[in-house]
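I have placed the structure first, in the form of structure tokens, so that the comments after it can refer back to it.
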Amino acid sequence: MKRNILVTGANRGIGLEIVKQLVNEGHQVIATARDIEKLKSKTTSLKGNLLHFSLDVTDPASVALLKNSLTDTLPFIDVLINNAGIISSNQGPMASDMKEVRALISTNLLGPWRLSQALLPLLEASQDARIVNISSGMGAWDDLTASHAAYRMSKVSLNALTVMMASELEGRVTVNSMCPGWVKTDMGGPNAQQSVEQGADTAVWLSTREHIPTGKFFRDRKEIPW
Ligand SMILES: NC(=O)c1ccc[n+]([C@@H]2O[C@H](COP(=O)([O-])OP(=O)(O)OC[C@H]3O[C@@H](n4cnc5c(N)ncnc54)[C@H](OP(=O)(O)O)[C@@H]3O)[C@@H](O)[C@H]2O)c1
């Protein structure tokens with residue numbers, strides 16, 4: 382079934398690859414990024430149903446503008462993929478710079494939160510609405526260590542948001558978190574084990590397979606512990 386699927390942070394890395402796979406599967410993809418010209422240049426070779434919108438997930442005005450533009454363009458959105466994210470320095474909680482902590486929380490937690498709120502009416506107009514939050518194993522409660530404290534905190538919190546939204550939206554919108562693995566992107570670096578194709582796979586699967594549970598955490602198409 383063809384779906385309307387919105388992806389944040391779509392101009393590079395895992396987000397761009399998710400867009401490629403979804404367009405190739407015939408879905409209507411709404412690709413968003415801070416730099417729309419860069420986004421367009423990265424996706425010119427794609428043949429399919431692709432819309433481009435500018436979006437900075439940390440900026441409430443940018444989110445409001447996107448919401449209004451989408452409301453004028455599409456009757457509904459089936460899937461919101463909250464992919465945009467940043468990583469922090471390798472500091473533990475005691476040495477973390479609070480300015481950096483705020484930036485991480487603003488992008489990785491408040492971004493998905495704000496966008497989910499804004500797009501809820503468009504999602505609820507779908508027969509099978511879904512939110513896919515791209516989290517990380519570094520935000521898994523059982524695996525917490527001191528390194529990259531700001532990043533880990535943002536992803537643990539994103540996982541908590543997933544559980545809370547899944548509970549509030551039960552029967553209306555399915556909400557899941559997923560870890561893409563350690564992926565060769567600007568963030569993951571050249572030594573990462575997974576290709577972008579592998580990193581995008583579970584997000585595409587959660588967005589398009591027929592029946593999915595809600596309020597769960599996935600990696601490699603399998604449920605993993607929080
Ligand atoms: N790579 C890994 O090994 C790995 C592992 C676990 C989880 N993840 C998660 O997977 C997601 C994608 O990571 P990636 O590896 O593809 O990272 P990446 O290559 O660094 O790409 C990050 C994307 O997020 C966008 N972005 C950052 N801040 C934004 C903002 N305020 N508004 C809109 N877009 C913004 C970037 O846009 P600009 O080009 O404008 O900066 C870029 O498109 C992230 O949530 C990350 O935490 C990655």
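Reminder that position 208 of the sequence shown reads as 589 in this note's numbering, one-by-one numbering, no gaps. Each residue gets a CB set at the ideal place from its N, CA and C atoms; glycine is no exception.
Handout entry: Straight-line gap, Ser535 to Val544 (C-alpha atoms, nearest Å)
Key = For the purposes of this step, residue 535 is identified with residue 154 of the sequence shown, where counting begins at 1. For the purposes of this step, residue 544 is identified with residue 163 of the sequence shown, where counting begins at 1. Answer to the nearest angstrom: the Cα atoms are 15 angstroms apart.
Problem - Distance cut-off 7 angstroms: Arg483 Cβ against heavy atoms of ligand 1 - result: As a working note, residue 483 is residue 102 in the sequence shown. Every heavy atom of ligand 1 is 7 angstroms or more from the Cβ of Arg483, so no.
Handout entry: Cβ-based neighbour list, Asn430, same chain, cut-off 6 angstroms, excluding 5 preceding and 5 following
Key = Translated into the one-based positions of the sequence shown, residue 430 becomes position 49. These residues qualify, in order along the chain: Gln409.
Handout entry: Beta-carbon proximity list for Lys480, same chain, < 6 angstroms, skipping 5 on both sides
Key = The residue labelled residue 480 in the question sits at position 99 within the sequence shown. There are no such residues.
Handout entry: Proximity of Ala510 and Val554 at Cβ, strictly below 8 angstroms
Key = Within the sequence shown, numbered from 1, the residue matching residue 510 stands at position 129. Within the sequence shown, numbered from 1, the residue matching residue 554 stands at position 173. Yes, these two residues count as a Cβ contact at 8 angstroms.
Exercise for the section: Please confirm whether any heavy atom of ligand 1 lies closer than 7 angstroms to the CB of Leu500. Expected result: Along the sequence shown, one-based indexing puts residue 500 at 119. Answer for Leu500: no, Cβ out of range of ligand 1.
Exercise for the section: Output the distance between the C-alpha atoms of Ile468 and Asp567, rounded to the nearest integer angstrom. Expected result: In the sequence shown, residue 468 corresponds to position 87, counting from 1. In the sequence shown, residue 567 corresponds to position 186, counting from 1. Cα to Cα, the separation comes out at about 10 angstroms.
Problem - Cα-Cα separation between Pro456 and Gly570, rounded to whole angstroms - result: The residue you call residue 456 lines up with position 75 of the sequence shown. The residue you call residue 570 lines up with position 189 of the sequence shown. Roughly 39 angstroms separates the two Cα atoms.
Practice task
Report whether the distance from the Cβ of Asp582 to the nearest heavy atom of ligand 1 is below 7 angstroms.
Solution key: Counting from 1 along the sequence shown, the entry for residue 582 is found at position 201. Outside the cutoff, so no.
Handout entry: Where the alpha helix (DSSP H) containing Asn540 begins and where it ends
Key = In the sequence shown, residue 540 corresponds to position 159, counting from 1. 530-549 is the extent of the alpha helix (DSSP H) around Asn540.
Exercise for the section: Could you name the residues of the same chain whose beta carbon sits closer than 8 angstroms to that of Ile605, not counting the 5 residues immediately before and after it, in chain order? Expected result: As a position in the sequence shown, residue 605 is number 224, starting the count at 1. Counting only Cβ-Cβ distances below 8 angstroms, and skipping sequence neighbours, we find Gly518, Ala521, Cys560, Phe598, Phe599.
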